[in-house]
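Let me begin by presenting the structure, written as structure tokens, before commenting on it.
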Amino acid sequence: MTLQEQLKQMRNATMERMPQSIIKVFTDSIDDIRKNKLKENALQVGDYVPNMNLQDNSGDSSLLSDLIEQKFLILNFYRGGWCPYCNMELREYERLREAFNELNADIVGISAEISKLANATTNKNALSFPVLTDVDAQLMKAIGIVFKLDEASKKEFENLGMDFTKIHGNNNFELPVPAVYIINKKMEVVFVHFEEDYMTRIEPTELLHILKNNLQTEKI
Numbered sequence: 001m002t003l004q005e006q007l008k009q010m011r012n013a014t015m016e017r018m019p020q021s022i023i024k025v026f027t028d029s030i031d032d033i034r035k036n037k038l039k040e041n042a043l044q045v046g047d048y049v050p051n052m053n054l055q056d057n058s059g060d061s062s063l064l065s066d067l068i069e070q071k072f073l074i075l076n077f078y079r080g081g082w083c084p085y086c087n088m089e090l091r092e093y094e095r096l097r098e099a100f101n102e103l104n105a106d107i108v109g110i111s112a113e114i115s116k117l118a119n120a121t122t123n124k125n126a127l128s129f130p131v132l133t134d135v136d137a138q139l140m141k142a143i144g145i146v147f148k149l150d151e152a153s154k155k156e157f158e159n160l161g162m163d164f165t166k167i168h169g170n171n172n173f174e175l176p177v178p179a180v181y182i183i184n185k186k187m188e189v190v191f192v193h194f195e196e197d198y199m200t201r202i203e204p205t206e207l208l209h210i211l212k213n214n215l216q217t218e219k220i
């Protein structure tokens, strides 16, 4: 089953069981992200990602540049291990990791969830690639993919048992949109996929196609 098929099943199940009032709160939030032109203002192809520190599951920090061991590094920005859509996506990248490696690319997952929870995300999804914490979403803010939860969304997340002060270790109530950036060894962005709708993601096999047919001739 493709990632798109899995996501469609999850979306349909969510729409069936969740009250329309709650669905409207979250869809209104998606619309606000679009209206605020977050996508247009985020880093684009040709821009350079800042070289910032990220924490591993043990709480140790490394510069992003230290993680680029192959020609390309895929930065998968996910909302958190609490998000079923993110877990589906992470597992699909794990399934295809060897195929990405054969194209001189590797993967890291990045969220603002604390290291303890990032470790739980790793174990839950049996991930072999690094799953890293962007403390206080500093890198994600620099890239431009972070938005602040509105009051209605905060209330609904709280009703669902989500305590972001514990998940993120701060009181910022910020989330990233699900985004995929591919960077090269110079930290230059060579591909971007930006999704305002958290229930929609790019198919990883499409990235494989892009890497094979569009990016392999790039000179570093």
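UniProt numbering applies: residue 1 is where the sequence shown begins, and numbers increase by one. Every residue, glycine too, gets a C-beta built ideally from N, C-alpha and C.
Please list the terminal residues of the continuous beta strand (DSSP E) segment that includes residue i.
i, result
"Y85", "Note, Y85: premise wrong, no beta strand (DSSP E); alpha helix (DSSP H) at P84 to R95."
"A179", "A179 to N184"
Give the DSSP-derived three-state secondary structure of residue i in the structure shown.
i, result
"T133", "strand"
"V49", "coil"
"Q44", "coil"
"K71", "coil"
"N76", "strand"
"E206", "helix"
"I145", "coil"
"A13", "helix"
"E188", "strand"
"A105", "strand"
"L127", "coil"
Thinking just about the alpha-carbon of each residue, which of the options is nearest to the one in residue i?
i, options, result
"D31", "L75, Y85, S153 and W82", "S153"
"T27", "L149, N123, F77 and N41", "L149"
"S128", "S29, L96, S115 and D197", "L96"
"K141", "L38, R34 and Q6", "L38"
"Y48", "V192, P176 and V108", "V192"
"Q9", "H209, T205 and T200", "T200"
"Y85", "N172, Y198, Y93 and F100", "Y198"
"E98", "P50, P204 and M88", "P204"
"L160", "Y78, S58, T122 and C83", "C83"
"A126", "N184, M162, Y93 and S29", "Y93"
"I210", "L67, M18 and L103", "L103"
"L7", "N184, L175, N87 and I167", "N87"
"P50", "M15, N214, M187 and D163", "M187"
"V189", "P19, I68 and K24", "I68"
"T165", "L117, M52 and V177", "L117"
"residue 248", "E40, N36 and E151", "With the chain covering only 1 through 220, there is no way to say anything about residue 248."
"M52", "G46, S61 and V45", "S61"
Going by DSSP, what residue range makes up the alpha helix (DSSP H) through residue i?
i, result
"E174", "Looking at the DSSP string, E174 is not in any alpha helix (DSSP H); the run it does join, the beta strand (DSSP E), is E174 to P176."
"S61", "S61 -> not in any alpha helix (DSSP H); beta strand (DSSP E) instead, spanning S61 to L63."
"I114", "Unbroken run through I114: none, as it is neither H nor E."
"A152", "E151 to N159"
"I165", "Checking the sequence, you will find Thr at residue 165 rather than Ile. Looking at the DSSP string, the run of the alpha helix (DSSP H) that includes T165 is F164 to H168."
"K24", "Q20 to K35"
Cβ atoms of residue j and residue i: under 9 Å apart, would you say?
i, j, result
"G144", "L43", "yes"
"S111", "D134", "yes"
"L75", "I182", "yes"
"E158", "I33", "no"
"T2", "N57", "no"
"G59", "L90", "no"
"N101", "Q138", "no"
"D146", "E174", "Inspection of the sequence shows that residue 146 is occupied by Val rather than by Asp. Yes, the pair counts as a contact, with Cβ atoms nearer than the cut-off."
"L207", "V180", "yes"
"A120", "G81", "yes"
"I107", "I167", "no"
"F72", "L215", "yes"
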